[in-house]
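Throughout the sequence shown, residue numbering follows our numbering, covering 4 to 337 in sequence.
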Amino acid sequence: MVQRRRSAKRRHLPNLRLFSSFSRALHLTRLTSAARARVSKNSLASNAAGLKHTAKIKRVGSSFSSDDNDEEEHLQEGAIVQADFGFFDPKPGDFHGVKLLLQNYLDEKPWDLSGFVDLILGQTTVGTVVKLDGNDEVEEDGDEEDLYAVISALNFGRYGGHQCIGELKEFLVGVCGDESVKTKLKVLLEQQASDVGLLVSQRFVNCPHQLVPPLYDALFDEVSWAIEDEPTKELRDSFCFKFYLLITRIYENKHANQYNATTGNDSDEPIIYLKAEDELFHEMSSFSYTFHLHSSPFVPHELKSYRAMGLVMVINASVIPNFREKLKSLLAES
Numbered sequence: 004m005v006q007r008r009r010s011a012k013r014r015h016l017p018n019l020r021l022f023s024s025f026s027r028a029l030h031l032t033r034l035t036s037a038a039r040a041r042v043s044k045n046s047l048a049s050n051a052a053g054l055k056h057t058a059k060i061k062r063v064g065s066s067f068s069s070d071d072n073d074e075e076e077h078l079q080e081g082a083i084v085q086a087d088f089g090f091f092d093p094k095p096g097d098f099h100g101v102k103l104l105l106q107n108y109l110d111e112k113p114w115d116l117s118g119f120v121d122l123i124l125g126q127t128t129v130g131t132v133v134k135l136d137g138n139d140e141v142e143e144d145g146d147e148e149d150l151y152a153v154i155s156a157l158n159f160g161r162y163g164g165h166q167c168i169g170e171l172k173e174f175l176v177g178v179c180g181d182e183s184v185k186t187k188l189k190v191l192l193e194q195q196a197s198d199v200g201l202l203v204s205q206r207f208v209n210c211p212h213q214l215v216p217p218l219y220d221a222l223f224d225e226v227s228w229a230i231e232d233e234p235t236k237e238l239r240d241s242f243c244f245k246f247y248l249l250i251t252r253i254y255e256n257k258h259a260n261q262y263n264a265t266t267g268n269d270s271d272e273p274i275i276y277l278k279a280e281d282e283l284f285h286e287m288s289s290f291s292y293t294f295h296l297h298s299s300p301f302v303p304h305e306l307k308s309y310r311a312m313g314l315v316m317v318i319n320a321s322v323i324p325n326f327r328e329k330l331k332s333l334l335a336e337s
């Protein structure tokens, strides 16, 4: 059997801007990235998890800055910082970085997050972490959290016996308020669990939008390769997904029922998606539902008429080729 997959996945990506300009949410909150490539990414905000750390980072236009050297003091707002990024197979040394990205994945629910991270890191044939190129080799006392993004797809049936997956399924059912949707969800998570992949995709705000299409391409290509290349039929079958389930966050207009489509203002839109691909997934979803967050995610003043909400979507795997094409087109226009 021919192995077409790259070993170690050290995929070199071109110099890219550290800040994504496509997201309306980021535009409205006036988030700006002037982080030096050598600055710890622990200090970056987490797009999906709403994290905000203030370690050594220079944020142009904000009231604080790093005093590491004089050059950083003179960075101008809107300055472009170039960096090389690489896609890598997940490994045990990425544990703390991935856990940081996922720490609010299930809102405030106490659950076996460490076990969940272990599943992601243990599945190296399908899954990717994004780092600055050259930062994959980390010493034992180095910065394990130096990650920009993680993406993976975990089979609900294959991993159903793990505590973390049981708790995640319990959470999904518990936060679904629509009984008809809950019935469909239970069928998927119980009777069709082996056909459903949990698509985990988390990244920091400063992860460049140019990385997003190749990141999803890498995931779905690896799923296709795993169906042919995994050593056992059981493993090959575990990647024959018919559905993908995603958990993400959005900003929902508190007065969505009064939304006037003729206003033309971003701030009047019923939903603001924190990640561009979520809008496409939502449009293509077989069904979806929102849920209230018990955590207190930061909501900027510009979005005072919005509230942060959780969003669960179920996507038929048959739409993925169309999704990939639309994602490339969408971000090419950004």
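For each residue, glycine too, the CB sits at the ideal point set by N, CA and C.
Just to confirm the assignment, what range does the beta strand (DSSP E) spanning Glu-255 have?
246-256
Which class does Thr-235 belong to by DSSP, given the choice of helix, strand or coil?
coil
Helix, strand or coil for Asn-209, going by three-state DSSP, please let me know.
coil
Tell me whether Thr-35 sits in a helix, a strand or coil according to DSSP, three-state version.
The predicted model places Thr-35 with a pLDDT of 32, which falls under 50 and marks its position as unreliable; any figure quoted below should be read in that light. Three-state DSSP puts Thr-35 in coil, outside helix and strand.
Excluding the five sequence neighbours on either side, which residues of its own chain have a C-beta within less than 8 angstroms of the C-beta of Val-226, listed in chain order?
Val-129, Ala-156, Gly-200, Phe-242 and Phe-244
To the nearest angstrom, how far is the alpha carbon of Lys-112 from that of Ile-250?
14 angstroms
Cβ shell of Val-302 (< 8 angstroms), same chain only, five flanking positions each side left out
Tyr-254, Tyr-309, Arg-310 and Ala-311
If you measure between the beta carbons of Val-317 and Phe-290, is that distance less than 9 angstroms?
yes
Just list the alpha helix (DSSP H) runs in the stretch 258-334, keeping only unbroken ones of 4 residues or longer that don't cross its boundaries, in chain order.
279-287
Where does Val-141 fall in DSSP's three states?
Legend: pLDDT at Val-141 = 48, less than 50; position of this residue unreliable, value from coordinates given subsequently. If DSSP states are grouped into helix, strand and coil, Val-141 belongs with coil.
List the residues that DSSP assigns as beta-bridge partners of Ser-155.
Val-203
Could you round the C-beta distance between Phe-90 and Ala-221 to whole angstroms and report it? I think they count as a contact, below 8 angstroms.
6 angstroms
8 angstroms contact criterion, which Leu-175 and Leu-192 should meet: CB distance rounded
7 angstroms
With distance defined between alpha-carbon atoms, name the residue in Tyr-162, Lys-236, Phe-246 and Leu-306 nearest to Lys-257.
Leu-306
Do Tyr-292 and Gly-118 come within 9 angstroms of each other at the CB atom, strictly closer than that value?
no
To the nearest angstrom, how far is the alpha carbon of Val-219 from that of Pro-234?
Just to set this straight, residue 219 is Tyr in the shown sequence, not Val. Looking at the two C-alpha atoms, the distance is approximately 24 angstroms.
For the beta strand (DSSP E) containing Thr-131, name the first residue and the last one.
131-135
Report the option in Pro-95, Lys-102 and Tyr-151 whose CA atom is closest to the CA atom of Thr-127.
Pro-95
Beta bridge counterpart(s) of Phe-91 as assigned by DSSP:
Val-132
Here's a check: name, in chain order, each residue in its chain whose Cβ is nearer than 6 angstroms to the Cβ of Gly-229, leaving out the five neighbours to either side.
Residue identity check: residue 229 is Ala in the sequence provided, not Gly. Cβ neighbours of Ala-229 beyond the five flanking positions: Thr-128, Val-129 and Phe-242.
Measure the CB-CB distance between Leu-283 and Lys-329 and report whether it falls below 9 angstroms.
yes
Hey, out of Phe-326, Pro-93, His-297 and Leu-150, whose CA is closest to Pro-216's CA?
Phe-326
DSSP three-state call for Val-184: helix, strand or coil?
helix
With 16 other CB atoms within 10 Å as the buried threshold, where does Gly-313 fall?
buried
Would you mind giving the Cβ-Cβ distance between Leu-122 and Tyr-162, rounded to the nearest angstrom? I have them listed as a contact below 8 angstroms.
6 angstroms
Closest by C-alpha distance to Ala-320, when choosing among Pro-273, Ala-259, Leu-248 and Leu-277
Leu-248
In the structure shown, what three-state DSSP assignment does Cys-167 receive?
helix
Buried or exposed for His-297, going by 16 or more other Cβ atoms inside 10 Å?
exposed
Report the rounded CA-to-CA distance for Glu-143 versus Asp-97, giving the unit in angstroms.
Confidence at Glu-143 is low in this model, with a pLDDT of 44, below 50, so the placement of that residue should be treated as unreliable; the coordinate-derived value is given next. Near 11 angstroms, if we compare the C-alpha coordinates of Asp-97 and Glu-143.
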